[in-house]
Each structure stands twice: as C-alpha cells, then as structure tokens.
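Q: Have a look at this one before I ask anything.
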Amino acid sequence: MVKLLSCIGTDKHISNPNLLHHFIKYYKNLGITEWAITLHTGLEKQLNNLAVFQEILKEYQISYQVWQGEYNTHEREQMHNALILQQSESQWVLGVDLDEFVEFPCQIPDYLGKLDEQGYNCVSGNLIDRVGIEGSLPFIEKNLPLEQQFPLKANVKKNICKPLYPETSSEKKLAIKKPLQWGTGHHTFPNECYAFLKESPEVLNINHYAWDSLLRARIEYRYRTYSRKPDIFPWIHQYQNLIEYLTEYDNFQLTDIGT
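Reading the sequence shown from the start, the letters are residues 64 to 322 in our numbering.
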C-alpha cells in the first residue's frame with residue numbers, strides 16, 4: 064500500500080494552480096490511488112486562492128484538509144509525522160512537494176513492493192532543478208508538458224542558494240514506513256530513527272520545478288517569515304542569496320547554474 068503525502072501552498076504568490084493538474088496526473092499515471100493532501104492558506108485575504116485548488120482536487124475526486132495560518136516548515140513536519148504514526152507498519156508514505164516529480168522505473172506500488180521484499184523501509188532521491196530556456200523563470204502552462212517548459216537541468220540550490228551543507232541539500236527521503244519519521248524538509252531523520260533505518264541503495268531522480276514565474280514572490284515571503292526566527296530557521300541565508308541574485312539578473316545565467 065502507498066499513500067502520497069503533500070502539503071500544498073495555495074496563496075497567489077506561492078503556487079500556480081496549473082502545476083497541481085500536472086502533479087495529480089503524473090502520480091495517478093504512476094499508480095497512486097491514496098492521497099493525504101493538505102492545502103495551506105495564509106492570513107492575507109488578498110492573496111487567498113484556496114477555492115481554485117479546492118476545485119481542482121474536487122475535479123479529480125481527491126479529499127484534503129485545510130491548514131490556515133502562517134506557514135512553518137517545522138509545523139508541517141509535525142503534521143506529516145503524526146500521519147505516519149497512524150499508518151500500519153506495511154503502509155508506505157511517499158512525501159513529495161507540489162514541484163517534485165520523481166522518476167520511478169515502474170509503477171510506484173510495484174517499485175515499493177520490491178523494496179518490501181528486500182527488507183527496506185526508505186528510498187531517497189536527489190533533486191534536479193529544472194529551469195526554462197536560457198535560464199528563464201516560466202509561467203507554468205496547464206496543457207504543455209513540464210519538461211518542455213523547463214527543458215534545462217541545473218543545480219540552483221548548490222550554486223545560487225549556497226546551503227551550508229551542500230552534500231545533503233539536494234537529497235530527500237522520499238518514501239518511508241513506520242517507525243521512521245521525517246526531519247526538516249524531509250532531508251534527514253531525527254537521530255532516534257537511524258536505528259530503524261533500512262535504506263535502499265538506489266537513489267531516484269526528482270525533477271524539481273520550483274523555478275517558475277512565482278519564484279521571487281515566494282522566496283521573499285519565506286525570507287520575511289523566517290528571518291523573524293533565525294534560530295529555528297538557519298537556512299534563511301539561502302533565500303537571501305537567491306533574492307540578491309535575482310535582483311541583479313532577473314533570470315538565471317546558464318554559466319552560474321551548471322547546466
């Protein structure tokens with residue numbers, strides 16, 4: 064059994080609803096039938112776009128819950144881990160963001176079933192940043208394949224955002240089983256979980272479509288929010304680095320992002 068878990072920001076400056084159509088179709092085609100979707104909406108009424116995302120999920124007959132309030136990565140992880148604890152020990156939970164499209168070699172239930180047979184309870188993936196032609200930040204269109212809208216493969220996180228720990232910044236713990244729990248951003252596990260970890264040696268590719276026309280507004284919002292509490296959000300310098308870069312260039316320079 065596999066359940067897809069995702070927390071989706073719905074405010075106008077956070078997510079393009081066209082991406083949700085791509086997301087649902089992609090994972091449905093890979094065999095996902097169980098969903099655990101949270102739609103997040105902030106407190107600024109002029110930015111509220113929740114109804115549009117609700118209508119899309121209704122169209123695909125996918126249930127969801129709504130989280131209203133200031134976004135907090137740590138609070139999101141608490142919600143995700145609470146769901147993990149509610150699952151049976153045989154249940155896989157695939158945790159992906161709206162902009163993460165994992166390349167599985169076959170149907171997801173079949174793939175994770177094979178990992179079951181080998182005794183694994185985790186599979187990881189590496190983020191591959193996808194950017195537009197000539198480093199542009201495209202508006203996401205509903206009816207055009209994402210790989211055509213974002214044809215270039217890059218490493219924006221490492222080269223522009225410059226995380227303090229570049230060796231782990233692109234890796235995500237994708238699918239896990241109880242008793243494992245996710246750490247911040249699904250990049251790590253809490254220390255107490257490592258004793259139970261049986262991770263597959265195969266690392267999957269994750270096409271990362273975060274670099275769209277809403278990027279600047281989204282990152283500026285995150286920076287404003289997290290900079291008020293730098294002690295619990297130590298990665299805010301990544302947002303600052305990206306904002307400074309986009310202020311200078313508007314788009315990505317291909318020589319800077321390793322295409």
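Heads up, the beta-carbon is just placed ideally off N, CA and C, and yes, glycines get one too.
Along the chain, where does the alpha helix (DSSP H) that runs through leucine 68 open and close?
A: Reading the sequence shown from its first residue, position 5 is the one you call residue 68. No alpha helix (DSSP H) contains leucine 68, which is instead part of the beta strand (DSSP E) from 65–72.
Q: Using DSSP with H/G/I as helix, E/B as strand and the rest coil, what is threonine 136?
A: Taking the first residue of the sequence shown as 1, we reach residue 136 at position 73. Helix at threonine 136.
Q: With 16 as the cutoff for other CB atoms within 10 Å, does isoleucine 196 come out buried or exposed?
A: Here residue 196 refers to the residue found at position 133 when the sequence shown is read from its first residue. So isoleucine 196 counts as exposed.
Q: Measuring CA to CA, which of Tyr123, Leu93, Ala273, Asp313 is closest to isoleucine 191?
A: Here the question's residue 191 lines up with position 128 in the sequence shown. Nearest C-alpha to isoleucine 191: Ala273.
Q: Evaluate contact between the region 67–84 and the region 161–181, counting only Cβ atoms and requiring at least three cross-stretch pairs below 8 Å.
A: Yes, since at least three Cβ pairs between the region 67–84 and the region 161–181 fall closer than 8 Å, the two stretches touch.
Q: Among residues of its own chain, excluding the 5 on either side of glutamine 303, which ones have a beta-carbon nearer than 7 Å to its beta-carbon?
A: Here residue 303 refers to the residue found at position 240 when the sequence shown is read from its first residue. For glutamine 303, where only same-chain residues beyond five positions count, the Cβ hits under 7 Å are Tyr286.
Q: Can you give me the Cβ contacts of serine 263 inside the same chain, cut-off strictly under 6 Å, excluding the 5 residues immediately before and after it?
A: Taking the sequence shown and counting its residues from 1, the one referred to as residue 263 is at position 200. Counting only Cβ-Cβ distances below 6 Å, and skipping sequence neighbours, we find Leu178, Tyr183, Val186.
Q: Is the separation between the beta-carbon of glutamate 97 and that of aspartate 74 shorter than 9 Å?
A: Along the sequence shown, read from residue 1 onward, the residue named residue 97 stands at position 34. Along the sequence shown, read from residue 1 onward, the residue named residue 74 stands at position 11. Cβ atoms of glutamate 97 and aspartate 74: not closer than 9 Å.
Q: Apart from the five residues on each side of it in sequence, which residues of its chain come closer than 6 Å, Cβ to Cβ, to lysine 205?
A: On the sequence shown, position 142 is the one that residue 205 refers to. Excluding sequence neighbours, lysine 205 sits near Asn81, His84.
Q: Buried or exposed for arginine 291, going by 16 or more other Cβ atoms inside 10 Å?
A: Translated into positions along the sequence shown, residue 291 becomes position 228. When all chains shown are included, arginine 291 counts as exposed.
Q: Could you tell me the distance, in whole angstroms, from the CA atom of arginine 193 to the CA atom of proline 214?
A: For the purposes of this step, residue 193 is taken as residue 130 along the sequence shown, with counting starting at 1. For the purposes of this step, residue 214 is taken as residue 151 along the sequence shown, with counting starting at 1. Approximately 7 Å between the Cα atoms of the pair.
Q: Per DSSP, what kind of secondary structure is lysine 220 in: helix, strand or coil?
A: Counted from its first residue, the sequence shown places residue 220 at position 157. Here lysine 220 sits in helix by DSSP.
Q: If you follow the beta strand (DSSP E) that glutamine 150 is in, where does it begin and where does it stop?
A: The residue you call residue 150 lines up with position 87 of the sequence shown. Segment: none, glutamine 150 is in no beta strand (DSSP E) and carries neither H nor E.
Q: Please check the pair histidine 143 and leucine 68, which I expect to be a contact at CB under 8 Å, by giving their CB distance rounded to whole angstroms.
A: Taking the first residue of the sequence shown as 1, we reach residue 143 at position 80. Taking the first residue of the sequence shown as 1, we reach residue 68 at position 5. 6 Å between Cβ atoms; contact.
Q: Going straight from the alpha carbon of leucine 209 to that of asparagine 268, what length do you get?
A: Translated into the one-based positions of the sequence shown, residue 209 becomes position 146. Translated into the one-based positions of the sequence shown, residue 268 becomes position 205. About 15 Å.
Q: With DSSP run on the structure shown, which of helix, strand or coil describes alanine 114?
A: Within the sequence shown, residue 114 is the residue found at index 51, counting from 1. Correct three-state label for alanine 114: helix.
Q: Take the Cβ of lysine 240 as the centre, count every other Cβ of all protein chains shown within 10 Å, and call the residue buried at 16 or more, exposed below.
A: Walking along the sequence shown from the start, residue 240 turns up at place 177. Looking at its Cβ environment, which holds 16 or more other Cβ atoms inside 10 Å, lysine 240 is buried.
Q: Considering only C-alpha positions, which residue in the set Gly198, Gln128, Leu157, His300 is nearest to leucine 227?
A: Numbered from its first residue, the sequence shown carries residue 227 at position 164. Out of Gly198, Gln128, Leu157, His300, His300 has the C-alpha closest to the C-alpha of leucine 227.
Q: Just checking my contact of isoleucine 95 with valine 65 at CB under 8 Å: how many whole Å lie between their CB atoms?
A: Here residue 95 refers to the residue found at position 32 of the sequence shown. Here residue 65 refers to the residue found at position 2 of the sequence shown. Indeed, because the Cβ distance is near 7 Å, the residues count as touching under 8 Å.
Q: Who pairs with tryptophan 274 in a beta bridge, going by DSSP?
A: For this step, residue 274 is matched to residue 211 along the sequence shown. In DSSP, tryptophan 274 forms no bridge with anything.
Q: Secondary structure at glutamine 124, three-state DSSP: helix, strand or coil?
A: Here the question's residue 124 lines up with position 61 in the sequence shown. Coil at glutamine 124, not helix or strand.
Q: According to DSSP, is asparagine 92 helix, strand or coil?
A: Your numbering for residue 92 matches position 29 in the sequence shown. In this structure, asparagine 92 counts as helix in the three-state DSSP scheme.
Q: Between which two residues does the beta strand (DSSP E) holding isoleucine 161 run?
A: Translated into positions along the sequence shown, residue 161 becomes position 98. A quick correction: the sequence has leucine, not isoleucine, at residue 161. That residue, leucine 161, is in no beta strand (DSSP E); it is neither H nor E in DSSP.
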